[in-house]
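Heads up, the thing below is written out as structure tokens.
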Amino acid sequence: MPQTKIVLQCSKCQAQNYVTSKNRQNVPDKLKLNKFCAKCGQHTAHQEIRLRK
Ligand SMILES: [Zn+2]
926 MPQTKIVLQC SKCQAQNYVT SKNRQNVPDK LKLNKFCAKC GQHTAHQEIR LRK
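With my numbering applied, the sequence shown has no gaps in its numbers, which climb one by one up to 978 at the end.
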């Protein structure tokens, strides 16, 4: 299975700050990462949302 494109979205302001990819077979769970959000001006929890191809 190919890499799937995903977007990491700030859980506070819903800004879509990062685009990355992952292999859905190796990483079946939703990603949740602490990343810097420029809108919030701080590190916040970012969670994965799927991009449509
Ligand atoms: Zn934010």
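The beta carbon of each residue, even a glycine, is placed where N, CA and C say it ideally should be.
Using the three-state DSSP reduction, which class does residue i fall into: helix, strand or coil?
i	result
Ser-946	strand
Lys-930	strand
Leu-976	coil
Lys-960	strand
Ala-970	strand
What do you reckon, is the C-beta of residue i under 8 Å from a heavy atom of ligand 1?
i	result
Lys-937	yes
Asn-959	no
Cys-955	A small fix is needed here, since residue 955 is Lys in this sequence, not Cys. No, since every heavy atom of ligand 1 falls outside the 8 Å radius drawn around the Cβ of Lys-955.
Exposed or buried, which one is residue i when buried takes at least 16 other CB atoms within 10 Å?
i	result
Ile-974	exposed
Cys-938	exposed
Thr-969	buried
By Cβ distance below 6 Å, which residues in the same chain neighbour residue i in space, the five residues on each side in sequence not counted?
i	result
Gln-941	Val-932 and Gln-934
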